[in-house]
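Only one structure is covered here, and it is reproduced in the block below.
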Amino acid sequence: MSRIIDTGLRDLSAILYRMGGLAHHAVLKATIECIEGKEAHEEIREMADMLVAMADHVEDKAFELIARFQPVASDLRTIKSYMKIAYDFARFGRYALDISSINKQVGGLKGCEEWINSYVKEMSEKTLEMVKLSIESLKSHNIQIAEKISEKEKEVDRMYFEFLDELIKCGTTIKCAVSSVLIVRYLERIADHVTYICESIIYIATGQKKILR
Amino acid sequence: MVVKFDVQNLNAWFGSKHVLKNINMKIEENAVTAIIGPSGCGKTTFIRCLNRMHEITPGARVSGKVIFNGVNIYDNGVDPVMVRRKIGMIFQKPNPFPMMSIYDNVAIGLKLNGVRDKKILDAAVRRSLELVNLWDEVKDDLKKSGASLSGGQQQRLCIARALVVEPEVLLMDEPCSALDPIATAKIEALIRELARNYTIIIVTHNMQQAARVSDYTAFLYFGELVEYGPTEQIFENPKHELTEKYLTGKFG
Amino acid sequence: MDYYRFRVVKDRLAQFLVYLALFLALVPLFSILYEVVMRGFSAINIEFFIKPTPTVGEVGGGIANAIQGTLITIGLASLIGVPVGLMSGIFLSEYGESKLSTVIRFLQDVLSGIPSIVIGVFTYTLITRSIGFSVIAAAFALAVIMIPIVTRTTEEALKLVPMSVREAAIALGIPRWKTTITVVLSSAKKAIVTGILLSIARIAGESAPVLVSMGFWRWWFAGLNRPVANLALNVFIFAMSPFENWVTLAWGSALVLILLVLGISIVARVLTRGRY
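Protein chains in written order, with the working numbering: chain H, 117 to 329; chain Y, 7 to 258; chain W, 315 to 590.
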């Protein structure tokens with residue numbers, strides 16, 4: 117049965133999916149930029165700004181739905197969670213911009229050791245995979261996928277600390293050290309935020325506030 | 007929870023129609039409990055079982071226990087009239103006694119119980135009308151007919167009338183459904199005020215009203231108690247799928 | 315356009331017929347009133363209201379004793395008829411969901427349809443035969459006529475009181491019988507009183523049952539087991555007499571009777587103009 121509020125909820129989730137796609141694209145571009153040395157800062161800035169604007173829009177729309185329809189139960193949880201998820205996607209844009217800034221200001225990973233580059237590449241692939249999975253889980257409110265992501269997040273964490281150990285052991289130029297540590301740090305934060313997104317999805321579906329980290 | 011009503015295996019019939027099926031519920035004292043559910047699911051029948059009004063309908067039957075202040079009100083020795091004095095009722099359509107003034111409407115509960123002293127009656131009428139925030143509006147003209155008030159005022163008059171016999175409980179059957187939004191808001195505020203000293207059970211088909219006004223909510227679906235719990239929990243995270251469907255309007 | 319004009323003509327014709335019918339219906343009423351007032355007016359003087367019925371051959375005289383007698387008779391009849399009718403009406407309305415009440419209602423309807431002369435004869439057999447021609451007998455007959463009327467009007471009046479009023483009273487913890495007496499009855503007060511007044515007006519005009527159960531009386535009140543004078547009966551007896559002054563008195567009595575009934579109806583109307 118179709119309800120008045122359904123149109124509003126559909127609009128909201130449509131914006132959210134676009135945000136997800138955009139956020140994924142931004143992070144991807146930023147990491148490629150660093151690894152392969154391509155210039156893309158302006159483009160990424162645009163995407164980050166757009167994500168912030170979209171997050172504001174989601175918040176406004178959510179409040180409009182609350183004021184007009186007084187939603188309860190799963191509708192209420194959905195709207196609350198969508199606001200949080202929109203904020204998380206906007207954060208991805210911010211992190212992408214930060215990664216791109218490293219490329220611009222410090223020079224990225226140009227000329228750094230192979231092992232550093234491949235670590236960063238692997239971490240970014242894993243992180244991007246997590247982002248993609250989270251968008252999928254959001255589309256279907258599928259909590260199994262959401263729970264699987266927590267395993268991946270632990271992997272990313274593990275890689276993060278491994279990298280730091282390696283770096284301390286092997287050492288490298290200061291530029292490479294600073295760039296790589298910052299990039300890896302941002303990737304780890306993105307992975308954390310993906311788990312927040314999944315926690316929100318579980319909350320929508322079950323009403324439980326499960327902690328996945 | 008201090009339990010005011012302990013409802014055990016309550017069943018009710020209209021003739022052969024089984025209207026309430028095995029209701030088990032503990033209602034808290036000095037709190038507002040809302041009963042929600044689709045039309046015809048037994049909400050009104052349920053509260054009428056709490057003050058033994060259900061049985062005055064010909065063909066009506068009740069089984070089970072309703073324990074109130076430690077006594078099962080359906081026990082053989084219990085006088086229904088005494089039960090109703092402790093448990094007041096407000097109806098859907100305001101029904102002040104016609105042909106009676108505002109004063110008489112409020113005082114009649116006491117007069118018919120033998121109170122004759124004018125001073126006592128005056129004080130009781132004033133106290134009741136103050137409790138429902140009607141005193142200032144009508145104090146200059148208590149001899150006016152009860153029917154000359156607006157809908158919202160009439161309903162508050164009925165509440166004052168019920169309060170004058172000093173009940174412990176107020177049962178309200180969709181008290182605002184015949185009123186405009188402003189009158190409704192006044193009555194809802196009144197309900198929260200009264201809840202400090204009275205146990206209030208309100209039947210409503212307006213979910214938002216239940217959400218605004220109550221501490222506990224019970225969801226009745228075709229005679230069965232589907233879910234019962236604190237209002238915040240029911241409206242944010244209902245445990246039963248049926249409750250979820252009803253609250254979000256997903257019923258066919 | 316033609317069809318429209320045809321409709322207008324039909325409408326006018328129908329209006330005319332309706333007014334004509336109204337006129338025809340009112341003619342008897344007004345002609346009666348006219349006759350009675352014209353002829354009865356000449357009988358009205360102080361003597362009329364003070365003196366009792368004149369004997370044969372006596373000049374003048376009045377209907378004072380008839381007025382006294384009528385008041386006593388209908389007063390006594392009301393004393394019996396009103397409480398019984400009222401309580402039956404209350405029973406049928408408030409407690410009347412059973413088979414018994416269906417039977418009672420049916421019997422009341424039958425009773426109200428019995429011709430008053432038959433009731434008179436019944437009273438004669440039951441009471442007059444044992445006690446003799448008396449006020450008691452007449453009062454009894456009139457009460458029997460009165461009861462179904464009061465019962466029905468009381469029941470209807472009480473039925474008009476909405477169920478919500480009763481429920482509100484019961485929910486206050488007032489016992490059933492008290493709610494009936496205080497709340498329900500007072501809500502229906504006006505309609506019930508009107509019903510009672512109209513039944514009194516009805517029996518004030520009954521002559522046949524009075525004749526059969528009590529007979530004609532020319533003197534003042536002489537005891538409950540004796541007859542008493544009666545206005546309606548006087549009209550009957552005097553109108554057919556050969557004495558001039560008796561005929562005049564008959565017209566006067568008729569006028570007084572009509573005024574009495576009219577007065578009661580007006581009072582009933584005024585009472586119902588109130589809030590309910």
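Even glycine gets a Cβ: it sits at the ideal position worked out from N, Cα and C.
Note that the structure is a prediction, hence the values are computed from the model and not measured.
7 Å Cβ cut-off: residues of chain H touching residue i
{"i": "Y:P263", "result": "Shown here, chain Y extends from 7 to 258; a query on residue 263 of chain Y therefore has no answer."}
{"i": "Y:L253", "result": "V188 and A189"}
Span separating the alpha-carbon of residue i from that of residue j
{"i": "W:Y590", "j": "W:I506", "result": "In this prediction, W:Y590 scores a pLDDT of 45, lower than 50, which makes its location untrustworthy; the coordinate-derived value is nonetheless stated afterwards. Near 12 Å, if we compare the C-alpha coordinates of W:I506 and W:Y590."}
{"i": "Y:E233", "j": "Y:W19", "result": "22 Å"}
{"i": "W:A480", "j": "W:Y438", "result": "Residue 480 of chain W is actually Arg in this sequence, not Ala. Cα to Cα, W:R480 sits roughly 43 Å from W:Y438."}
{"i": "W:F363", "j": "W:I377", "result": "6 Å"}
{"i": "H:L192", "j": "Y:I240", "result": "12 Å"}
{"i": "Y:G173", "j": "Y:K251", "result": "For the sequence presented, residue 173 of chain Y should be read as Pro rather than Gly. Distance between the alpha carbons of Y:P173 and Y:K251: 36 Å."}
{"i": "W:W531", "j": "W:A518", "result": "16 Å"}
{"i": "Y:Q14", "j": "Y:I33", "result": "11 Å"}
{"i": "H:E155", "j": "H:E162", "result": "14 Å"}
{"i": "W:T586", "j": "W:T508", "result": "7 Å"}
{"i": "H:K57", "j": "H:S216", "result": "Absent from the structure is residue 57 of chain H, since the part of chain H shown begins at 117 and ends at 329."}
{"i": "H:K242", "j": "Y:L231", "result": "49 Å"}
{"i": "Y:F97", "j": "Y:L127", "result": "24 Å"}
{"i": "H:E304", "j": "H:L283", "result": "16 Å"}
{"i": "H:C228", "j": "H:I160", "result": "23 Å"}
{"i": "Y:D214", "j": "H:Y319", "result": "A quick correction: the sequence has Gln, not Asp, at residue 214 of chain Y. Going by the C-alpha atoms only, they are around 23 Å apart."}
{"i": "Y:S183", "j": "Y:K99", "result": "8 Å"}
{"i": "H:G136", "j": "H:K145", "result": "14 Å"}
{"i": "W:F550", "j": "W:V561", "result": "10 Å"}
{"i": "Y:V6", "j": "H:D214", "result": "The requested residue 6 of chain Y does not occur in the structure, where chain Y is confined to residues 7 to 258."}
{"i": "Y:A216", "j": "Y:E180", "result": "10 Å"}
{"i": "Y:A129", "j": "W:L573", "result": "50 Å"}
{"i": "Y:K23", "j": "Y:C47", "result": "12 Å"}
{"i": "W:P462", "j": "Y:K117", "result": "34 Å"}
{"i": "Y:V68", "j": "Y:N17", "result": "6 Å"}
Residue i in three-state terms, based on DSSP
{"i": "W:P465", "result": "Reading off the sequence shown, one finds Thr at residue 465 of chain W, where the question assumed Pro. Three-state DSSP puts W:T465 in a helix."}
{"i": "Y:V25", "result": "strand"}
{"i": "Y:M178", "result": "strand"}
{"i": "Y:V72", "result": "strand"}
{"i": "H:K226", "result": "coil"}
{"i": "H:K177", "result": "helix"}
{"i": "W:W531", "result": "coil"}
{"i": "H:D214", "result": "helix"}
{"i": "Y:E233", "result": "strand"}
{"i": "W:G399", "result": "helix"}
{"i": "Y:T51", "result": "helix"}
{"i": "Y:M95", "result": "strand"}
{"i": "H:L289", "result": "Looking at the sequence itself, residue 289 of chain H is Thr, so the reference to Leu does not match. If DSSP states are grouped into helix, strand and coil, H:T289 belongs with coil."}
Interface partners of residue i on chain W, CB under 9 Å
{"i": "Y:M59", "result": "E481, I484 and A485"}
Contacts around residue i, its chain only, beta-carbon distance under 8 Å, and the 5 residues preceding and following it disregarded
{"i": "W:A451", "result": "T437, Y438, I441, T442, I445, S527 and M528"}
{"i": "H:I265", "result": "M246, L249, S250, S253, V310, T311, C314 and L328"}
{"i": "H:E271", "result": "K242"}
Listed by chain order, chain Y residues near residue i by CB distance under 7 Å
{"i": "W:I488", "result": "L118"}
Cutoff 6 Å; reference residue i; Cβ partners in own chain excluding five residues on either side
{"i": "Y:R90", "result": "N57"}
Interface partners of residue i on chain H, CB under 8 Å
{"i": "Y:E250", "result": "A189 and S190"}
{"i": "Y:F241", "result": "V188, A189 and L192"}
Other residues of its chain near residue i: CB distance less than 7 Å, five sequence neighbours each side excluded
{"i": "H:I232", "result": "L225, T288, C292 and S296"}
{"i": "H:V294", "result": "V222"}
{"i": "W:I386", "result": "V449, F535 and V542"}
{"i": "W:R351", "result": "With the sequence shown as reference, residue 351 of chain W is identified as Val, and Arg is not the correct amino acid for it. Closer than 7 Å at Cβ, skipping near neighbours: L569."}
Chain W contact residues for residue i, given Cβ-Cβ distances below 7 Å
{"i": "Y:G115", "result": "L486"}
{"i": "Y:V171", "result": "L486 and G487"}
Chain-ordered chain W contacts of residue i [CB-CB under 8 Å]
{"i": "Y:M88", "result": "G487"}
{"i": "Y:A168", "result": "A485 and L486"}
Closer than 9 Å at the beta carbon, the chain Y residues around residue i
{"i": "H:R119", "result": "T254, G255 and K256"}
Problem set entry | Near-chain Y residues of the region 491 to 505 of chain W (beta-carbon distance less than 8 Å), N- to C-terminal order | K492, T496, V497, S500, S501 and K503
For this session: Name, going along the chain, the residues of the region 399 to 431 of chain W whose beta-carbon falls closer than 7 Å to a beta-carbon of chain Y.
Result: E411
Exercise. Taking any Cβ of chain W, which residues in the region 91 to 111 of chain Y have a Cβ under 7 Å from it, in chain order?
Worked result: R91, G94, M95, F97, K99, N101, F103, P104 and M105
For this session: Determine which residues of the region 202 to 233 of chain Y have a Cβ less than 8 Å from any Cβ of chain H, and write them out in chain order.
Result: Taking 8 Å as the cut-off between beta carbons, the residues of the region 202 to 233 of chain Y near chain H are M213, Q214 and A217, in sequence order.
Exercise. Using a Cβ cut-off of 9 Å, which residues of the region 136 to 147 of chain H contact any Cβ in chain Y, in chain order?
Worked result: none
Exercise. In the region 183 to 215 of chain H, which residues sit with their C-beta less than 8 Å from some C-beta in chain Y, listed in chain order?
Worked result: Q186, P187, V188, A189, S190, D191, L192 and R193
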